[in-house]
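Notes follow the structure.
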Amino acid sequence: MSTSHYDVIIIGTGAGGGTLAYRLASSDKRILLLERGDYVPRELENWSTRAVNVEGRYQTQEKWRDKVGKELHPHTNYAVGGNTKFYGAALFRLRREDFGVLRHHGGTSPAWPITYDELEPYYTEAEHLYQVHGERGEDPTEPPASAAYRYPAVRHEPRIQQLSDDFARLGYQPFHTPLGIMLDERNRARSRCIRCGTCDGHPCLVNAKSDAQVVCVDPALEYDNVTLLTNAYVSRLETSASGRQVTRVLVDRNGERESYSADIVVVAGGAINSAALLLRSASDQHPRGLANGSDVVGRHYMGHINSVLMALSRCPNPTVFQKSMAMNDFYFGTPEWSFPMGHISFVGKLDGVTLSAGAPAIAPGWTLDLMGKHSLDFWLTSEDLPDPENRVTLDRDGRIVLAYTPNNGEGHKRLVGKLESLMRQQSSCPLHGRECHQGLFSRNLFLGQRIPLAGVAHQNGTIRFGHDPATSALDPTCKAHELDNLYVVDGSFFPSSGAVNPALTIMANALRVGDQIRERLGATRAGSARVSRQTVGAL
Ligand SMILES: Cc1cc2nc3c(=O)[nH]c(=O)nc-3n(C[C@H](O)[C@H](O)[C@H](O)COP(=O)(O)OP(=O)(O)OC[C@H]3O[C@@H](n4cnc5c(N)ncnc54)[C@H](O)[C@@H]3O)c2cc1C
Ligand code: SF4
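In the working numbering, the protein residues as written are -14 to 524.
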C-alpha cells in the first residue's frame, strides 16, 4: 500500500472539485485530485444521439436501489469534469430570494446560512471563468450582478425567435439563457464552438463546452504542484483517534488499495456519492458516518421536479441549437397564485432516435421521427423541498439506496398548465392557422410524465451547510462541523434547491471555499509554478 502526503486532496473533478482545483492550483501547494472516472474519449460517438441517449455509452453501469429495493440505473457520469462533461451549460445564478425563507404551496424552502450578496462576487467570477454568454437585464427575476457578462448572448434561431416574440407579445419576458459555450457568432469561421445540435447531454468533441475539465482541470494540471489520478475510487476516509482529522484517504485504483493523506481533504463526488462516502466512513468516533453527529448526512436529497414537454406543431422546427431561450415569469408565482412555480427553458433538440429510447406517447398520425422534427422541446424545473426522509443510505453490501417521495408538485402542475395556455395563444401560422399547434406531449423517455428518480442530474442537499451543528453537517465555510480538515464543495451543501440549474452555484461556492482554504494554508499569493503538465497517474 503506497502512502503520500499532500497539502490538499480533492475527491471528484466536476463542477465543485474541478473548480476548486483551478482556484488552488496557483498556490504552490501540493494538490492531489482523485477521480473515479477516466477522461471521456474524444470520438465521433460524442455526437451520436444513439450512442449517448439510447446506448448510454458514457453513463455509469452502476446499479443503485430505490426505497422499496427496486434496482435503479442512475443517469449519471463518472469522468474527469464530472457531469459538466454532459451538461447543457445553462449557467444560472440562484435568485436573491432563494437564499431566504420562501413559502411554497407544499411547505417551506429554508434559508441559506450565507446571503446572495456574499456569493455574488464569486458568481461573477464563475461566469467569467466558464465564459458564460448572456445579456443582463432581460430576466425579470435576475438578481443584481456586479459585472456584465463578458460574452454576448447566444442568438436565437428563427423558430425560437418567433416563439420569443410571441411570448413577448403576450406580455411576458422571455430572455436569452446564460450559456457556457465558447461560441463566437461574430466570427463563426474561427469560433471554437460550431453550434451543433448535440450539446445538452453529450460531451463536446471539439472541447468548446465550458465544462470543468476544459475550463478548470486541464489548466490546473499545467501547474507542477497539481496531480490527477484517474480511475481512483475513494472508498473510505479514516480519522485520527480524536476523530477530528481525516488522516487517510483510501483509494481503489487498478485493482490495488492505495492510501493518501493531506492537511486538508475536500469531498466533491456529487451529492449522492459524497454522502455515500461519508456514510461508508463510519467509525467508532463517527458511528453514524463521518461528520454525521447531526444525522443529516444523506438526508434532504433534492433533485428538482423536472419535466420535458414537447410542443408539437404542424410546421417543422428546424432549430439546431435550441437551448437559447428561457422564461422566469412564473418563478415566484402569478397574481392569481402566489406560490413559486418554477422555470421554463429548453433541452437540446430531440430527434426520433432519442425519442426511441423510451416509449413516448406518440401523437396520432405522427412517427417519432416526425415528432422530433416538429417539436419545440421544453424543460420545466420546479423546486422540490428538503424532506429528511428523502435520503441516501447504504444497503448491507454498501450499495447506494436512494429513497425519494416527490413533494411540492402543485406549482409544477400549474407551470405546465401555464405553458400549455401560452402555446395555445401562439400567433396564427400562415399555413395552418390556429391548427398548427397540436398540443403538448410529455417526452416519456423514462416512462412517466416527470423525469423519474434515475434522473439525478440536479442532485443536491445531502450534506447541508448551516450555522447549527445539530441540523447541518457543514459550517457556512463548507467545513465539517465535527472535523478540522474536511470540506465538501459539490452540490451536497445546498439547504434548498431553488428552481434554476445548480452548476453555477456549485462553481461559485467552490471559488468561495477555495479562498478560505488558500487563506488557511497561508497561500494567498498566486504561484508561478507553470511548469510541465503532470502526467496522469505519475506518482
Ligand atoms: C445531462 C445533464 C445535463 C445537465 N445540464 C445542466 C445545465 O444545463 N446547467 C446546470 O447548471 N446543470 C446541469 N446539469 C447538472 C450539473 O452537471 C451538476 O449540477 C454538476 O455537475 C454537479 O457538480 P458536482 O461537483 O456536485 O458533481 P459532479 O459534476 O457530478 O462531479 C462529481 C465527480 O466526483 C467523482 N466521484 C464520485 N464519487 C467518487 C469517489 N468515491 N472517488 C473518486 N471520485 C468520485 C465523479 O466521477 C465525478 O467526476 C446537468 C447534468 C446532466 C447529467
Ligand atoms: S454546441 Fe458548441 S459547445 Fe456544444 S457540443 Fe456543439 S460545438 Fe460543443
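Using N, Cα and C, we set each Cβ at its ideal position, and we do this for glycine too.
Nearest candidate by alpha-carbon position, reference residue i, set the options
i	options	result
Gly255	Ala10, Ala465 and Val441	Val441
Gly67	Val211, Arg50, Asn258 and Arg229	Asn258
Gly525	Gln423, Phe450 and Asp380	One cannot answer for residue 525 here, as it falls past the ends of the chain, which runs -14 to 524.
Cys300	Gln423, Leu468 and Val117	Gln423
Arg177	Trp49, Gly186 and Met167	Met167
Leu489	Asp269, His118 and Phe331	His118
Met492	His161, Asp(-8), Thr(-2) and Val(-7)	Thr(-2)
Tyr525	Leu104, Arg88 and Gly165	Absent from the model: residue 525. The displayed extent of the chain is -14 to 524, so no value can be given.
Gly91	Val251, Asn38 and Lys398	Lys398
Ala276	Val305, Glu47, Asp150 and Asn470	Asn470
Ala6	Asp102, Thr61, Cys463 and Val251	Val251
His328	Pro303, Ala342 and Val293	Val293
Tyr208	Ala0, Val498 and Arg15	Arg15
Ala342	Glu142, Leu353 and Gly451	Leu353
Glu20	Ala130, Val219 and Arg180	Val219
Tyr136	Arg154, Gln116, Ala153 and Gln146	Gln116
Asp362	Thr304, Asn392 and Trp322	Thr304
Ser12	Gln158, Asn210 and Val191	Asn210
Pro487	Gly394, Ser457, Lys48 and Asn291	Asn291
Gly333	Leu9, Leu29 and Thr34	Thr34
Leu425	Thr339, Ser298 and Pro159	Ser298
Glu223	Thr215, Ser266 and Ala247	Ser266
Cys181	Phe478, Leu335, Pro371 and His466	Leu335
His60	Val485, Val37 and Ala260	Val37
Lys52	Pro143, Thr390 and Phe478	Thr390
Thr462	Gln501, Pro454, Asn62 and Ser227	Gln501
Ala495	Ile99, Ala111 and Val231	Ala111
Ile(-6)	Arg233, Leu76 and Phe317	Arg233
Gly318	Leu387, Glu395, Ala253 and Gly278	Glu395
Phe77	Arg505, Gly499, Val485 and Arg497	Val485
Asp280	Met287, Met295, Ala296 and Ala260	Ala260
Boundaries (first-last residue) of the beta strand (DSSP E) holding residue i
i	result
His89	Leu87 to His89
Met295	Ile290 to Ser298
Val473	Leu471 to Val473
Leu365	Ser360 to Ser367
One or two residues paired with residue i in a DSSP bridge
i	result
Ala388	Arg376
Arg221	Leu235
His60	His60 is not bridged to any residue.
Leu164	Ala75 and His118
Tyr136	His118
Val(-7)	Ile16 and Ile249
Cys414	Gly418
Ala465	Leu459
Arg50	Glu56 and Val386
Phe317	Its beta-bridge partners do not exist; DSSP assigns none.
Ile329	Met312 and Leu365
Phe324	DSSP lists no partner for Phe324.
Thr552	The structure shown does not extend to residue 552, since the chain spans only -14 to 524, so no value can be given for it.
Met287	Asn445
Lys334	DSSP lists no partner for Lys334.
Leu104	Partner(s): none; Leu104 has no beta bridge.
Gly424	Leu297
Phe306	Note: Phe306 sits in no beta bridge, so no partner.
Continuous alpha helix (DSSP H) stretch holding residue i: start and end
i	result
His397	Gly394 to Arg409
Phe84	Element bounds for Phe84: n/a, residue is neither H nor E.
Ile257	Ala256 to Arg265
Ser94	First-last for Ser94: Gly92 to Ser94, but that is the beta strand (DSSP E), not the alpha helix (DSSP H).
Val338	Gly337 to Leu340
Pro480	No alpha helix (DSSP H) holds Pro480; DSSP gives it neither H nor E.
Thr4	Ala0 to Ala10
Asn494	Ala488 to Arg505
Ile99	First-last for Ile99: undefined, no H or E at that position.
Ile540	Only positions -14 to 524 of the chain appear in the structure, and residue 540 is not among them; the question remains open.
Leu148	Pro143 to Arg154
* Pocket of ligand 2 defined by Cβ to heavy atom distance under 5 Å -> Residues flagged by the Cβ proximity filter: Ile166, Cys178, Ile179, Cys181, Cys184, Cys189, Ala193 and Lys194.
* Does the stretch 37 to 48 come close enough to the stretch 184 to 196 that 3 or more CB-CB pairs lie under 8 Å? -> yes
* Three or more beta-carbon pairs under 8 Å between the stretch 297 to 312 and the stretch 381 to 388, yes or no? -> Because the criterion of three Cβ pairs below 8 Å is not met, the stretch 297 to 312 and the stretch 381 to 388 do not touch.
* To do: Examine the Cβ distances between the stretch 442 to 457 and the stretch 397 to 417 and report whether three or more of them are shorter than 8 Å.
  => no
* Using 8 Å as the threshold, is the stretch 146 to 164 in touch with the stretch 122 to 130, meaning 3 or more CB pairs across them? -> Segments in contact, yes.
* Do three or more CB pairs link the stretch 233 to 243 to the stretch 197 to 208 at distances below 8 Å? -> no
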